[in-house]
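A short write-up of the structure that comes next.
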Amino acid sequence: MRAASLGLALLLGACATAPAARAPLAPVSPALQATTWTYGAAEAALIAETSFRAMVDRAESRLGALYFGSGFESAIVRDVADGRARMRECDLTFHRPAVVFDLDETLVWNMGAQADQAARNAPFDPARWARWEAEGGDRLVAVPGAVEAVQALRALGITPVFNSNRAVASAGATAQALARLGFGEAVHGETLWLHGDADGSSRKHGRRVAIAERFCVLAQVGDQMGDFVDAIDFAEDGSRRAAAERTRVARTAFGRLWGERWFLIPNPMYGRWNEPPLGLDDVVPQEARWTPKE
Ligand SMILES: [Mg+2]
Numbered sequence: 094m095r096a097a098s099l100g101l102a103l104l105l106g107a108c109a110t111a112p113a114a115r116a117p118l119a120p121v122s123p124a125l126q127a128t129t130w131t132y133g134a135a136e137a138a139l140i141a142e143t144s145f146r147a148m149v150d151r152a153e154s155r156l157g158a159l160y161f162g163s164g165f166e167s168a169i170v171r172d173v174a175d176g177r178a179r180m181r182e183c184d185l186t187f188h189r190p191a192v193v194f195d196l197d198e199t200l201v202w203n204m205g206a207q208a209d210q211a212a213r214n215a216p217f218d219p220a221r222w223a224r225w226e227a228e229g230g231d232r233l234v235a236v237p238g239a240v241e242a243v244q245a246l247r248a249l250g251i252t253p254v255f256n257s258n259r260a261v262a263s264a265g266a267t268a269q270a271l272a273r274l275g276f277g278e279a280v281h282g283e284t285l286w287l288h289g290d291a292d293g294s295s296r297k298h299g300r301r302v303a304i305a306e307r308f309c310v311l312a313q314v315g316d317q318m319g320d321f322v323d324a325i326d327f328a329e330d331g332s333r334r335a336a337a338e339r340t341r342v343a344r345t346a347f348g349r350l351w352g353e354r355w356f357l358i359p360n361p362m363y364g365r366w367n368e369p370p371l372g373l374d375d376v377v378p379q380e381a382r383w384t385p386k387e
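In our numbering, the protein residues as written are 94 to 387.
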């Protein structure tokens with residue numbers, strides 16, 4: 094009897110500690126997956142942090158090289174000749190040293206707006222975004238490593254300059270949010286450049302030129318190719334480059350700049366890489382396809 098009770102107790106104990114059968118995973122929308130990876134994955138946080146640390150390190154050594162007269166190149170492209178980027182020149186005698194940053198999904202995470210969009214599984218809505226820009230400043234979150242990097246630059250005497258496609262109408266709200274997060278002062282037209290500033294364009298080249306006339310730009314940081322140069326997204330005739338061509342140009346004409354003067358922050362949620370949306374046929378060549386044999 095006692096032995097039977099003990100056996101039953103052991104059996105019940107075993108049942109109590111046995112792992113529950115794993116429920117099948119519910120399908121997740123690509124938008125939701127991209128959003129949860131960006132804001133939830135250690136991998137995403139660490140890529141950002143690594144990029145920011147490398148940028149501060151490279152900017153500091155670049156500043157040293159400029160002080161000792163062994164360099165004159167800005168991190169801003171002047172033109173592309175023979176498929177190779179030619180950089181604008183800068184001189185610390187006339188220009189303050191600076192690093193140019195994009196804002197959205199580079200220095201700040203728009204968790205509120207992206208979660209709203211992913212929860213509705215809806216396409217980007219410009220009117221809804223404008224409301225977010227105006228009202229959501231107190232909900233912006235700093236990207237991991239971003240505040241530390243900007244503060245480290247300021248301590249080195251390097252001015253952070255923000256070049257964003259946020260609207261001029263929300264310049265005050267944007268500057269206020271940056272200050273609240275610890276990025277310091279942002280003055281519109283000086284260290285804060287917004288959509289349409291300089292040349293009326295949503296592309297950032299005109300603003301980059303205006304910034305390079307005032308500052309010696311040691312590095313650029315962004316989450317989109319357009320944060321660095323327009324020539325990756327657009328061909329000389331103004332047409333939009335296809336994904337593979339975009340990647341080729343980014344890696345060849347500008348290859349030496351990545352990780353040296355240009356630093357990327359990961360953003361799988363939106364960008365020209367996915368405009369128009371890519372399908373498997375666009376990115377997986379036939380010879381790389383696989384299905385298990387019967
Ligand atoms: Mg951005």
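Just so you know, even glycine gets a beta-carbon here, dropped at the ideal spot from N, CA and C.
State the CB to CB distance for the pair residue i and residue j, rounded to an integer number of angstroms; the pair is presumed to be in contact (CB under 8 Å).
i    : j    : result
T128 : A211 : 4 Å
T284 : F255 : 6 Å
G315 : I251 : So it is not a contact: roughly 17 Å between Cβ atoms.
V409 : L246 : The structure shown has nothing for residue 409, since the chain only spans 94 to 387.
L333 : L287 : Going by the sequence as given, residue 333 is Arg instead of Leu. Contact flag wrong, Cβ pair sits at about 23 Å.
E308 : M148 : For the record, residue 308 in the displayed sequence is Phe; it is not Glu. Contact doesn't hold; Cβ gap of about 16 Å is too wide.
Please report how far the alpha carbon of residue i lies from the alpha carbon of residue j, in whole angstroms.
i    : j    : result
V310 : A223 : 30 Å
A279 : R146 : 22 Å
D292 : R365 : 21 Å
A266 : A227 : 6 Å
R181 : R171 : 5 Å
P370 : L125 : 16 Å
F276 : V236 : 11 Å
E294 : V261 : Checking the displayed sequence, the identity of residue 294 turns out to be Ser instead of Glu. Taking the straight line joining both Cα atoms gives about 12 Å.
G372 : A158 : 45 Å
P117 : K297 : 46 Å
F194 : R179 : 20 Å
Q313 : P120 : 38 Å
A102 : R115 : Note that A102 has pLDDT 48, beneath the 50 cutoff, so the model's placement of it is unreliable and the number below is only indicative. The straight-line gap from Cα to Cα measures roughly 25 Å.
D375 : A336 : 8 Å
D290 : M318 : 19 Å
A239 : A141 : 8 Å
A272 : D231 : 11 Å
P160 : A168 : The displayed chain sequence assigns Tyr, not Pro, to residue 160. Answer to the nearest angstrom: the Cα atoms are 16 Å apart.
R151 : A248 : 15 Å
E306 : G331 : 25 Å
What does the Cβ neighbour count give for residue i, buried or exposed, with the cut at 16 atoms within 10 Å?
i    : result
T143 : exposed
R349 : exposed
E234 : Per the sequence presented here, residue 234 reads as Val, with Glu not at that position. Answer is exposed; the Cβ neighbour count stays below 16.
Q379 : exposed
K386 : exposed
R189 : exposed
R139 : Note that residue 139 is Leu in the sequence shown, not Arg. It is exposed - the Cβ of L139 has fewer than 16 other Cβ atoms within 10 Å.
F327 : buried
N214 : exposed
L104 : Note that L104 scores a pLDDT of 48, beneath 50, so its modelled location is shaky; the value from the coordinates is reported in the next line. Under this definition L104 is an exposed residue.
F394 : What the structure shows of the chain is the stretch from 94 to 387, and residue 394 is not part of that stretch, so it cannot be assessed.
W351 : exposed
W225 : buried
V377 : exposed
Say yes only if the C-beta of residue i is nearer than 7 Å to one or more non-hydrogen atoms of ligand 2, and no if none qualify.
i    : result
Q244 : Here the bound small molecules are ligand 1; ligand 2 is not part of this structure.
Consider the Cβ of residue i: report whether some Cβ of chain C lies at a distance smaller than 8 Å.
i    : result
P216 : Within the model displayed, chain C is absent; a lone protein chain is all it includes.
Contact between the stretch 194-210 and the stretch 333-346: three or more CB pairs below 8 Å? The stretch 194-210 vs the stretch 333-346: no contact.
Checklist entry - What residues does ligand 1 have around it, judged by CB closer than 7 Å to any heavy atom, in chain order? => result Chain-ordered list of matching residues: D195, L196, D197, E198, T199, G315, D316, Q317, D320 and N360.
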